[in-house]
Amino acid sequence: MARAKATRGLCVYCGKEYTRWGMTKHLQSCPQRAEQTGQAADAGKTVPIFHLLVQDAYGGDFWLHLEMPGQTTLQELDGYLRAIWLECCGHLSAFEFDGTRYTQIIEGFDTWGNEASMDVPVAQVFAPGVQGSHEYDFGSTTELALEVVAERTGVWSGKPIALMARNAPPDLKCNVCDKAAEWICIDCMYEADEADGVDDWFFCEEHLLEHEHEDEMALPVVNSPRMGTCGYDGPAEPPY
Ligand SMILES: [Zn+2]
Ligand SMILES: [Zn+2]
Ligand SMILES: [Zn+2]
Ligand SMILES: [Zn+2]
């Protein structure tokens, strides 16, 4: 999607607004975050905790800053990404880190040379600077880029993954009027000349109903890199 303005999002600790990269820097120095994590550090057994930046592999408009302790598994991360961004009809998925493909291993079947089960703790894979990818659905694939931004030692309690920040919905307008886009016409999307760089498949409710393709092949605009793909219609809400 060709838009000049980078999407922004709010820090869950202090409520300030930043772009994806601004947030990466901000989270390292956010005083409210430091206060919360510092208080917790006095309270018990410490573990390695990883800061992971997840973004769509296309334009980076969709992004999540996540944090998780080393014992969280790639499988749990996959479940989180499905819940917030990806799940439409139970497609297979895989991570790739350092040439190894972590996927759903079906018991009784042989694995390929570089395949492994995604049921591994992230501590076995993550370290600061490590980059990887995640693919959901090997047909109409949604590809994500992952980067381990930082590691700290602290006390972890609660859910296996915490959301520290995410992008606000991209500012998409109806193709006809100036209202916010609510629907994607899938016919228009397939027909569009991608070379012209115009996203002319977005419509408000009124203009979706009015235009020649009618609304049979429409999907809602949602805050997810999978919008408009397969049957994806959300929820695109934080699962935890
Ligand atoms: Zn903050
Ligand atoms: Zn699907
Ligand atoms: Zn409109
Ligand atoms: Zn259309």
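Count the sequence shown with the numbering used here and you get residues 3 to 242, in order.
Every residue, glycine too, gets a C-beta built ideally from N, C-alpha and C.
Predicted, not measured: the structure shown is a model, and the values here were computed from it.
Looking at the DSSP output, N169 bridges to G11. Put simply, of M191, Q34, P227 and P237 the residue whose alpha carbon is nearest the alpha carbon of A220 is M191. Annotated three-state conformation of Y234 is coil, per DSSP.
Not one heavy atom of ligand 3 sits closer than 7 Å to the Cβ of E193.
When DSSP states are grouped into helix, strand and coil, L94 belongs to the coil group. DSSP lists Q57 as the bridge partner or partners of W65. Chain-ordered, the residues whose CB falls short of 5 Å from any heavy atom of ligand 4 come out as C187, D189, C190 and H215.
One residue after another in chain order, those with a Cβ under 7 Å from a heavy atom of ligand 3 are C176, V178, C179, K181, F205, C206, E208 and H209. Here C13 is buried: its Cβ has 16 or more other Cβ atoms, across all protein chains shown, within 10 Å. Along the region 118-193, the beta strand (DSSP E) occurs as fully enclosed runs of 3 or more residues at 133-138, 144-156, 164-168 and 185-187, listed in sequence order. DSSP places P71 in the strand class (E or B) of the three-state scheme. The closest heavy atom of ligand 1 lies less than 7 Å from the beta carbon of Q34.
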